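One structure below.
Protein chains in written order, with the numbering used here: chain G, 151 to 264; chain L, 21 to 133.
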């Protein structure tokens, strides 16, 4: 099945540094989502974006919905050890009145060193 | 309240066997989704239920895979004649309505020997 292109694949950063990752698609979406997955767990929603150009924050996290509706990025400021995990973007195209599956990215594995 | 639960958490089976994976969604959630996550990949959509009916089964890889949700709550994903390539984590998610946030369970890790 289709997977969105997510970069970088992995990052090793020091505690306190800012992190940036992005996601691109060949098709448009009308919702972009960012999830975090810890080992042995399911993905947990971090941020949801519903409008092209939208910039949304959740604590130290900031995400943007690209103008073309084919991309999104996630920033994490002042990283801390508990930010370690795998971050996935997901696109959703919801036709009026119906649901749609999530199409996930390939993931960015974040490692934070002290 | 309780989140999405999945049983078993791990399943080891032999090639050719039949397996059933169970998902208990959050109480009251009408929409239920199954995804499959292979090692090092993001989850991939399998099937979506609205109530008791499968509204979209376009992600099921072949006719060995089947899912049911007879009473509009618990769902079972059934895999016949398992193959080694079926080894993956099978994730279930649910939401209040199809338009709202999907909450994921911890997954069932299936290993086919």
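Glycine residues also receive a C-beta, built at the ideal position from the N, C-alpha and C atoms.
Given the structure is predicted, the values throughout are model-derived calculations rather than measurements.
Spatial distance of residue i from residue j (CA atoms)
i	j	result
residue 31 (chain L)	residue 97 (chain L)	13 Å
residue 156 (chain G)	residue 56 (chain L)	18 Å
residue 186 (chain G)	residue 71 (chain L)	28 Å
residue 181 (chain G)	residue 213 (chain G)	12 Å
residue 161 (chain G)	residue 215 (chain G)	22 Å
residue 99 (chain L)	residue 111 (chain L)	14 Å
residue 163 (chain G)	residue 259 (chain G)	11 Å
residue 38 (chain L)	residue 221 (chain G)	40 Å
Residues that residue i contacts on chain L, provided the C-beta gap is smaller than 9 Å
i	result
residue 256 (chain G)	60, 61 and 62
residue 198 (chain G)	121
Chain-ordered neighbours of residue i on chain G, where CB pairs are closer than 8 Å
i	result
residue 65 (chain L)	151, 251, 252 and 253
residue 126 (chain L)	190, 191 and 192
residue 110 (chain L)	Within chain G, no residue comes near residue 110 (chain L); the closest Cβ sits about 11 Å away, beyond 8 Å.
Neighbour flag for residue i against chain G, beta carbons, 9 Å
i	result
residue 78 (chain L)	yes
residue 24 (chain L)	yes
residue 38 (chain L)	no
Simplified DSSP state of residue i, which is helix, strand or coil
i	result
residue 58 (chain L)	coil
residue 42 (chain L)	strand
residue 78 (chain L)	coil
residue 259 (chain G)	strand
residue 104 (chain L)	helix
residue 233 (chain G)	helix
Minimum Cβ-Cβ distance from residue i to chain L less than 9 Å
i	result
residue 194 (chain G)	yes
residue 165 (chain G)	no
residue 191 (chain G)	yes
8 Å Cβ shell around residue i - same chain, five flanking residues per side excluded
i	result
residue 165 (chain G)	229, 230, 231, 262, 263 and 264
Chain-order list of residues whose beta-carbon lies under 7 Å from that of residue i (same chain, five-residue window excluded)
i	result
residue 90 (chain L)	72
6 Å CB neighbourhood of residue i in its chain, flanking five on each side removed
i	result
residue 252 (chain G)	240 and 242
Contacts that residue i makes with chain L (C-beta to C-beta distance below 7 Å)
i	result
residue 238 (chain G)	62
residue 244 (chain G)	119
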